[in-house]
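The structure appears below as C-alpha cells.
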Amino acid sequence: MTTPESRQNDPNYAQADSWQRLRNVIRRGVIDSVQLSPPRCRVSFGGKHKTGWLQWYTLATSEQVSWSAPREGDPVTVLSEGGDPRNGVVLLGLLVDSRPPPSNSPTEHVTQYSDGGRQSYDTASHVWTWQGVDGGTVIIDAKNIVDITGLDSVTVTSAKVVAIHGGDLVSVDAVDINAVATETITATATTVNVLASDTVNITASNAIEMTTQRVDITAPGGINLNGPTHITNTLLVDKNGTFRMNVGVWGDLDVTGESDGSTGNITTRGSVLADKDVRDSRGTMNAIRVTYNGHTHNENDDVTDAPNQLMTQLNSRNSRRKK
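Here's what the structure looks like:
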C-alpha cells in the first residue's frame with residue numbers, strides 16, 4: 004500500500020511531482036466561469052481540468068481601483084506559486100486573432116468596450132477622443148467644480164438639444180458672444196438682464212416681437228426708432244414729444260397736459276391735417292366754420308350780406324347763405 008510517507012521516499016514520485024509543479028507554474032487557459040462578488044474566476048486548461056476560484060490581476064491600490072471583469076472564453080495566463088494551481092492568480096489581457104485590436108497605430112492609446120464605446124489618445128496628432136454609441140450617455144458628475152478650458156476654442160455640438168442648468172447662476176463672459184439659431188431663441192426667467200457698457204444691437208430680417216405686461220426702457224440720450232412704428236393701443240408721453248416729419252393719426256389724438264389738470268400744447272411748424280373734425284374744450288373747428296359762413300348782422304335797420312369768402316367745409320354743402 005502506498006502512503007504519503009512512502010511517496011516522499013520514492014525518487015520516481017518526487018521527480019514526477021517536481022515536473023508537475025514546474026509545469027503548473029505558468030499555464031495558458033481560458034475563462035470557464037466568473038463570480039462577481041467576491042471577484043473570482045475559474046480557468047479551464049482543456050477537457051475537464053479546471054482550476055478552483057482564483058483572483059484575477061487588476062490595477063488595485065489604496066489610491067485607485069480599476070474594474071473590468073473578464074468574460075467566459077477570454078484567454079488568460081495562470082501563475083501558480085510553488086506550482087500549485089490552488090495558489091494561482093489569473094493574468095488577463097491576451098490578444099486573440101478572432102478579436103482584432105482596436106488600432107494598429109504605434110502612437111495611439113485606445114480603450115475599446117464590447118458595445119463599441121471607445122476612448123483614445125494619439126500622441127502624433129495630439130487628439131483625445133471619447134466616442135459613445137447610439138443610445139448611450141456621457142455623465143460628468145463633479146461635487147464642486149468642472150473646468151473646461153480651450154486655449155483656442157471649445158465647441159459643443161448636438162443634433163437635438165444642448166441644455167445648461169445652473170442652480171443659481173449661468174455666467175457667459177467673452178469679448179463677443181454670438182447666438183445663432185435657424186428658428187427660435189427662447190430665454191425664460193423671472194428676470195432677464197442685458198447689460199452693455201456701450202451698445203446692444205438686435206437685428207431681425209423679419210420682425211421682433213415682445214409680449215409682456217409692461218416694457219420699461221430708460222435711455223437718457225434718447226430712443227431712436229428708424230422705420231414705421233405701429234402702436235395699436237395708447238401712447239402716453241409725460242413730457243414733450245417732438246416729431247420732425249409728418250405724424251399720421253387714425254383715430255383720436257388727446258392732449259391732456261400735466262397730471263395736475265393743466266393744459267398741454269401741440270406746436271407745429273407745418274400744417275395740422277385732419278380728415279374729420281378738430282375739437283378743443285369749447286367746441287369744434289367745424290362748428291366755428293358753420294357759424295362764420297352763416298352769420299349775418301343788422302346795419303341801419305338792414306341785414307348785411309353773408310361773407311363773400313367762405314371757410315371751406317368738410318362736406319359739399321359749402322354755399323353762400325344770404326338772409
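Converting from the sequence shown to the working numbering requires adding 3 to each position, the first position being numbered 1.
Heads up, the beta-carbon is just placed ideally off N, CA and C, and yes, glycines get one too.
| query | By a C-beta neighbour count over all protein chains shown, 10 Å radius and 16 as the cutoff for buried, is D77 buried or exposed? | reply | The C-beta of D77 has 16 or more other C-beta atoms within 10 Å across all chains shown, which makes the residue buried.
Take the Cβ of W59 as the centre, count every other Cβ of all protein chains shown within 10 Å, and call the residue buried at 16 or more, exposed below.
-> buried
- request: Identify the continuous beta strand (DSSP E) that holds I34 and give its terminal residues.
  value: I29 to L39
Nearest-angstrom Cα separation, counted from G244 out to V293: Going by C-alpha positions, V293 is about 33 Å away from G244.
inquiry  = Please list the terminal residues of the continuous beta strand (DSSP E) segment that includes Y124.
reply    = R121 to D125
For P231, which residues in the same chain have their Cβ closer than 7 Å to its Cβ, ignoring the five residues on either side in sequence? none
DSSP-derived helix/strand/coil call for E212
coil
ask   = Assuming A127 contacts T114 under a Cβ cut-off of 8 Å, what Cβ separation, rounded to an integer in Å, is found between them?
value = Going by Cβ atoms, the distance from A127 to T114 rounds to 18 Å, so no, they are not a contact pair.
For T214, count neighbouring Cβ atoms within 10 angstroms of its own Cβ and tell me buried if that reaches 16, exposed if not.
exposed
* **Three-state secondary structure (DSSP) of T114** => strand
Exercise for the section: Determine the closest residue to N249 out of V165, V275, G224 and T235, with distance taken between C-alpha atoms. Expected result: The shortest Cα separation from N249 among V165, V275, G224 and T235 belongs to V275.
Item to complete: Compare the Cα-Cα distances from P41 to each of N90, W56 and P105 and report the closest residue.
Response: W56
Q: Identify the continuous alpha helix (DSSP H) that holds V293 and give its terminal residues.
A: M288 to G297
Going residue by residue through the segment 154–194, where are the continuous beta strand (DSSP E) segments of at least 3 residues, counting only ones entirely within it? Segments of the beta strand (DSSP E) lying fully in the segment 154–194: there are none.
CA-CA distance, A107 and L154?
-> In the sequence under discussion, the amino acid at residue 107 is Asn, which differs from the Ala named in the question. Each residue's alpha carbon lies about 31 Å from the other.
**Study point:** Within 8 Å, strictly: CB atoms of C44 and I29
**Key:** No, these two residues do not count as a Cβ contact at 8 Å.
ask   = What's the C-alpha gap between S123 and E66?
value = 24 Å
Practice item. Please determine, among K242, T187 and P104, the residue with the shortest C-alpha to C-alpha distance to N209. Key: Closest by alpha carbon: T187.
* Apply the 10 Å Cβ neighbour rule to S101 and answer buried if 16 or more other Cβ atoms are within range, or exposed otherwise. => Result: exposed.
Applying the criterion that 16 or more other CB atoms from any shown protein chain within 10 Å of the CB defines a buried residue, is S83 buried or exposed?
buried
Quiz prompt | Option nearest R282 by Cα separation, candidates D257, T271, L62 and T80 | solution = D257
Beta-carbon contacts of M87 that lie in its chain and below 8 Å, excluding the five residues immediately before and after | Rather than Met, the amino acid found at residue 87 in this sequence is Asp. Cβ contact annotation for D87 (same chain, cutoff 8 Å, sequence separation greater than five): R24 and N27, in chain order.
Notebook entry, point to check: Which of the three DSSP states, helix, strand or coil, is assigned to S322?
Noted result: Note on S322: pLDDT 40, under 50, position unreliable in the model; the coordinate value appears next. In this structure, S322 counts as coil in the three-state DSSP scheme.
TODO: Look at the alpha carbon of Q216 and the alpha carbon of H233, and state the distance between them as a whole number of angstroms.
DONE: Their backbone Cα atoms lie some 18 Å apart in a straight line.
Check your understanding: Less than 8 Å separating the beta-carbons of P104 and R121?
Key -> It is not a contact, given that the beta carbons lie outside the stated cut-off.
message = I believe V46 touches V92 by the beta-carbon criterion, under 8 Å. Please report the beta-carbon distance rounded to the nearest angstrom.
response = Rounded, the Cβ-Cβ distance is 10 Å, inconsistent with contact.
Check your understanding: Can you tell me the Cα-Cα spacing of D308 and M314, whole angstroms?
Key -> C-alpha separation (whole angstroms): 15 Å.
6 Å CB neighbourhood of S69 in its chain, flanking five on each side removed
T61 and L62
Cross-strand partners of K53 (DSSP beta bridge): S47
_Rounded C-alpha distance that separates S174 from N229_ = 33 Å
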